[in-house]
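Numbering (my numbering), first residue to last: 4 to 178. First up is the structure itself, then whatever we jot down about it.
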Ligand SMILES: Cc1cc2nc3c(=O)[nH]c(=O)nc-3n(C[C@H](O)[C@H](O)[C@H](O)COP(=O)(O)O)c2cc1C
């Protein structure tokens, strides 16, 4: 059992990354093996459906996803969707990586109104790759943070619940 947490924000001051790190801390506290992929450390080209797949960092990124029993994706909400970088990761990695994987989402947004923004990519993963989407989402805005800390206890609780649920569903599917 190893849960991969992916931080997809390219913003150095990212709030979704703060939540991604909290998920890792929660999983480790529960004795779960974790891996971390930060797209700020592994810049990927934009998917062009061709030459991009020759990117030298791509095999390592794909292997991390393939090796994971379950995945938590921390995403920024941009224009009522996940960010282009988050979507690009899925386009760059594709079927080999996501088929029948368990995926949970943590979202950082500017306002409360974009809470359904993750559904487009969740639906795409489900329909295209039969990915199991954990029906428990974390969604937080600026007010939930003080500097680099999560100040809102409910957001912390939801991250812990999501982490537990990703483990539970991943375990169940492994049989
Ligand atoms: C280009 C752009 C588009 C955005 N669009 C939305 C949006 O549609 N809905 C929303 O609630 N916040 C939106 N935001 C605010 C971000 O979701 C917010 O800054 C969030 O903290 C980004 O995640 P990060 O801190 O992990 O990078 C947008 C921000 C940017 C830069």
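Ideal placement from N, C-alpha and C gives every residue a C-beta, glycine not left out. These figures come from a predicted structure and were not determined experimentally.
(1) Can you tell me the Cα-Cα spacing of residue 166 and residue 129, whole angstroms?
(2) Sorry if obvious, but does the Cβ on residue 88 come closer than 7 Å to a heavy atom of ligand 1?
(3) Going residue by residue through the stretch 53-102, where are the continuous alpha helix (DSSP H) segments of at least 4 residues, counting only ones entirely within it?
(4) Rounded C-beta distance between residue 137 and residue 168? I'm assuming under 8 Å.
(5) By DSSP, does residue 37 sit in helix, in strand, or in coil?
(6) Do residue 87 and residue 3 count as a contact pair if the criterion is CB distance below 8 Å?
(7) Report all residues from its chain with a CB closer than 8 Å to the CB of residue 114; omit the five preceding and five following residues, and keep chain order.
(8) Can you tell me whether residue 66 is buried or exposed? The criterion is at least 16 other CB atoms within 10 Å of its CB, across all chains shown.
(9) DSSP state of residue 150, grouped into three classes?
(10) Using the Cα positions of residue 172 and residue 37, report the straight-line distance between them to the nearest angstrom.
(11) Given residue 62, which residues of its chain have a CB within under 8 Å of its CB, disregarding the five upstream and five downstream residues?
(12) With which residues is residue 6 paired in a DSSP beta bridge?
(13) Would you kindly work out how many angstroms separate the C-alpha atoms of residue 146 and residue 125, rounded to a whole number?
(14) Flag residue 70 as yes when its Cβ comes closer than 7 Å to any non-hydrogen atom of ligand 1, and as no otherwise.
(15) Taking 8 Å as the threshold (C-beta atoms), are residue 119 and residue 50 in contact?
(16) Does ligand 1 have even one heavy atom less than 7 Å from the beta-carbon of residue 161?
(17) Is the number of C-beta pairs between the stretch 97-109 and the stretch 74-84 that are closer than 8 Å three or more?
(18) Grab the span of the alpha helix (DSSP H) containing residue 23 for me, first residue to last.
In short:
(1) Here residue 166 refers to the residue found at position 163 of the chain shown. Here residue 129 refers to the residue found at position 126 of the chain shown. Using only the alpha carbons, I get a separation of about 20 Å.
(2) To locate residue 88, count along the chain shown from 1; it is residue 85. Checking the Cβ of residue 88 against ligand 1 gives no.
(3) 61-70, 87-96 and 98-101
(4) What you label residue 137 is simply residue 134 of the chain shown in a count that begins at 1. What you label residue 168 is simply residue 165 of the chain shown in a count that begins at 1. Going by Cβ atoms, the distance from residue 137 to residue 168 rounds to 5 Å, so yes, they are a contact pair.
(5) As a first step, residue 37 must be located in the chain shown, where it is residue number 34. Here residue 37 sits in strand by DSSP.
(6) As shown, the chain starts at 4 and ends at 178. That puts residue 3 outside it, with no answer to give.
(7) On the chain shown, residue 114 is found 111 positions in, with the first residue counted as 1. Same-chain partners within the cutoff: 144.
(8) Residue 66 sits at position 63 when you count from the first residue of the chain shown. Label assigned to residue 66: exposed.
(9) Walking along the chain shown from the start, residue 150 turns up at place 147. The answer is coil: DSSP assigns residue 150 none of H, G, I, E or B.
(10) Here residue 172 is taken as the residue at index 169 of the chain shown, counted from 1. Here residue 37 is taken as the residue at index 34 of the chain shown, counted from 1. Rounded to the nearest angstrom, the two C-alpha atoms are 16 Å apart.
(11) Counting from 1 along the chain shown, the entry for residue 62 is found at position 59. Result list for residue 62: empty, nothing under 8 Å.
(12) Sequence index remark: in the chain shown, residue 6 carries index 3 (1-based). Paired residues: 37 and 73.
(13) Mapped onto the chain shown, residue 146 falls at position 143. Mapped onto the chain shown, residue 125 falls at position 122. Spanning the two alpha carbons is a distance of roughly 26 Å.
(14) Residue mapping note: residue 70 aligns to position 67 of the chain shown, counting from 1. Because no heavy atom of ligand 1 lies under 7 Å away, the Cβ of residue 70 does not count as near it: no.
(15) Position 47 of the chain shown, counting from 1, holds the residue named residue 50. Position 116 of the chain shown, counting from 1, holds the residue named residue 119. No. Outside cutoff.
(16) In the chain shown, residue 161 corresponds to position 158, counting from 1. No, Cβ of residue 161 sits at least 7 Å from all heavy atoms of ligand 1.
(17) yes
(18) Within the chain shown, numbered from 1, the residue matching residue 23 stands at position 20. Its alpha helix (DSSP H) spans residues 18-32.
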